[in-house]
Each structure stands twice: as C-alpha cells, then as structure tokens.
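Q: Take a look at the following structure, please.
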Amino acid sequence: MTDDIDLRLLDQNVRTAQMLGHAVALRDHDTGAHNMRVAFYAGLLGEALEFDRLTIQGLMKGAFLHDVGKIAIPDSILLKPGRLTDEEFAEMRRHPGLGAQLLEDLSWFEDAVPVVRHHHERFNGTGYPDGLGGSNIPVVARAFAIIDVFDALVSDRPYKQAFPLDKAVALLGAGAGTQFDTGLVSVFVRIAPPLHEKVSGQAPMEVQPHLEDLRRRHFGA
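Each residue of the sequence shown is one higher than the one before, counting from 2 in my numbering.
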C-alpha cells in the first residue's frame, strides 16, 4: 500500500511540474512543446555526462520549470512583439529569481532551483541574475543553458525561422568559453543530431512517450 501511495505522489509531482511549465508556455504563446523537448534533451545530456540519478532528476525538473518566473512578468512585456526597452528588459531579467522564489519552499522542487535561477548565467560571468561565472554556476544550469539555446535556435519563433541543425551546432560552438561551458558543449553537440531528429518540430503528445521512458529510468515510475 505504501509503495502505491509513493507512486501516486510521484506521478502527481511530475504532472504538477509539467502543468506549471505548460501554464507558463501558454502565456508565452507556446504549446508547451519547448518545455517537453528541453526536458527530453536534459535527461539524455545528463546521462551522457554520467550525472547521478538525483542530479538528472533536478536537471529534468528544472527543464520543465525553467521559465516559471515569467508568471509574474506583465503581459505588456512578455508578449511585446518588438524590441524591449532597457527598463522592460530589466523587468524580464527578474524571471529567474522570481521562479526560484516560487519553488524554493516546495521540497519536491528544491533540486530544480539551481536550473531555474541560473540558466541565464554566462560562463564568462556576464549573465544574470547573479553574474556567476565558470564553475561557480551550478553544473545543471550550465548544462541546461546549452539545451535551452539549442532548442530556441532549431525552432520556429515569432521573430525567426528555425535554423538548420548544422548552423545551430556551429553557434553553440562559437559560444563555448564565453556563453557556455566548453566541455559541456562538446558533449552536447556530439549527441544533439540524433536527439534533434527524434523530437524536432514534434507536438507535446509526440514527445510525451520519449519523456515517459526517461521518467521510468530516473524517477522510478
């Protein structure tokens, strides 16, 4: 009976993470497919980097919830079609910290906080919100930053068409050592082509089976 309760609780927590990520995506005029794809990439990059099971769990939770702080960003900024003013961009830059505040008192999501708070840091220390650099950035956030940018590059957005895979990989390589951790980029670009082929352009329901496999492997249900 206890095992059944634990499995139900795990399922509820995973679905809560997906629901929160999907709610933010809908505000941002996205279908939620981005969150599901980056969670898929996150699980497999974690495996390629030989992260332990708990670290992969935190990385995948953070992938689902990385933009949860955008819930607190006004629509006038979040949905603005043109370039943001300096003041608007300063407000937008608050979303990683706001997201971390939303999650830090929820024990099951505690391990997602490093990804949520630090995925916009840059390896050379010029990112936000804390201006961390190098190994001071949590490794899960360094890994997720690569994934997040990659999926944005290879996806259609209102302001651009999807880049071809080779161009996206080249841009990641160009950012190694400045925006990204060089060692982590080298691993991701090696595994990216088959992963991209598997989920590129897919709707959430098409990505879901791949995520279910990862969930069973790393969350135990």
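Ideal Cβ positions, reconstructed from N, Cα and C, are used throughout, including at glycine.
It should be emphasised that the depicted structure is a prediction, and the values quoted were computed from it without experimental measurement.
Output the distance between the C-alpha atoms of Lys62 and Gly83, rounded to the nearest integer angstrom.
A: Taking the sequence shown and counting its residues from 1, the one referred to as residue 62 is at position 61. Taking the sequence shown and counting its residues from 1, the one referred to as residue 83 is at position 82. Approximately 31 Å, taken between the alpha carbons.
Q: Are Val116 and Leu55 touching if we call contact CB-CB under 8 Å?
A: Position 115 of the sequence shown holds residue 116. Position 54 of the sequence shown holds residue 55. Cβ atoms of Val116 and Leu55: not closer than 8 Å.
Q: I'd like to confirm the pairing. Which residues does DSSP put opposite Phe181 in its beta bridges?
A: As a working note, residue 181 is residue 180 in the sequence shown. Looking at the DSSP assignment, Phe181 forms a beta bridge with Ala177.
Q: Closest to Asp149 by CA distance: which of His121, Thr127, Lys168, Gly132 is it?
A: Within the sequence shown, numbered from 1, the residue matching residue 149 stands at position 148. Cα-wise, what sits closest to Asp149 is His121.
Q: If we call anything under 8 Å between Cβ atoms a contact, is Ala177 one with Thr183?
A: The count along the sequence shown starts at 1 and reaches residue 177 at position 176. The count along the sequence shown starts at 1 and reaches residue 183 at position 182. Contact flag set, yes.
Q: Tell me which residue opens and which closes the alpha helix (DSSP H) that Leu103 is part of.
A: The residue you call residue 103 lines up with position 102 of the sequence shown. Leu103 -> alpha helix (DSSP H) spans 96-104.
Q: Return yes when the Cβ of Gly135 is within less than 8 Å of the Cβ of Leu103, no when it is not.
A: Mapped onto the sequence shown, residue 103 falls at position 102. Mapped onto the sequence shown, residue 135 falls at position 134. Going by C-beta atoms, Leu103 is not nearer than 8 Å to Gly135.
Q: Taking contact to mean 3 or more Cβ pairs, one atom from each stretch, closer than 8 Å, check whether the stretch 197-207 and the stretch 32-42 are in contact.
A: With a cut-off of 8 Å, the stretch 32-42 and the stretch 197-207 count as touching, because enough Cβ pairs lie within range.
Q: Mapping the DSSP letters down to three states, classify Arg123 as helix, strand or coil.
A: Within the sequence shown, the letter at position 122 stands for residue 123. In the structure shown, Arg123 sits in coil (DSSP, three-state: anything other than H, G, I, E or B).
Q: Hey, how far is the Cα of Thr3 from the Cα of Glu105?
A: Along the sequence shown, read from residue 1 onward, the residue named residue 3 stands at position 2. Along the sequence shown, read from residue 1 onward, the residue named residue 105 stands at position 104. Bear in mind that the predicted position of Thr3 carries a pLDDT of just 43, short of 50, making it unreliable; the figure below should be weighed with that in mind. Rounded to the nearest angstrom, the two C-alpha atoms are 27 Å apart.
Q: Is the separation between the beta-carbon of Phe189 and that of Leu46 shorter than 8 Å?
A: Here residue 189 refers to the residue found at position 188 of the sequence shown. Here residue 46 refers to the residue found at position 45 of the sequence shown. Yes, the pair counts as a contact, with Cβ atoms nearer than the cut-off.
Q: Taking its Cβ as the centre, do 16 or more other Cβ atoms sit within 10 Å of Gly128, making it buried, or is it exposed?
A: Here the question's residue 128 lines up with position 127 in the sequence shown. Gly128 comes out buried.
Q: My understanding is that Ile138 touches Leu185, with C-beta atoms under 8 Å, so please give their C-beta distance in whole angstroms.
A: Sequence index remark: in the sequence shown, residue 138 carries index 137 (1-based). Sequence index remark: in the sequence shown, residue 185 carries index 184 (1-based). About 10 Å separates the two Cβ atoms, so there is no contact after all.
Q: Per DSSP, what are the beta-bridge partners of Lys161 in this structure?
A: Here residue 161 refers to the residue found at position 160 of the sequence shown. When DSSP reads this structure, Lys161 sits in a beta bridge with Arg158.
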